[in-house]
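Numbering-wise, the numbering used here comes out as the position in the sequence shown, counting from 1, plus 228.
We put the beta carbon where it would ideally sit given N, CA and C, even for glycine.
These numbers come from a predicted model, not from an experiment.
A short worksheet on the structure shown next.
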Amino acid sequence: MSDTTRWLLPNGIDELLPEQARCVEHCRRRLLDICAGWGYEYVVPPLVEF
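Below, the structure is given as structure tokens:
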């Protein structure tokens with residue numbers, strides 16, 4: 229891997245800068261609140277299946 233590509237993120241992986249991250253988190257929280265209001269519960273599945 230060359231020095232110029234070492235710090236590039238893999239395809240399909242993005243990073244969010246603070247302003248974008250705040251917007252995404254705000255939307256995520258609103259959506260979770262709406263779903264909770266309809267009786268859905270929050271579940272966190274494993275990131276890796278073993």
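Taking Cβ to Cβ, would you say residue i is nearer than 8 Å to residue j?
i, j, result
"residue 270", "residue 259", "no"
"residue 243", "residue 236", "no"
On the three-state DSSP scale, how would you describe residue i?
i, result
"residue 241", "coil"
"residue 265", "helix"
"residue 260", "helix"
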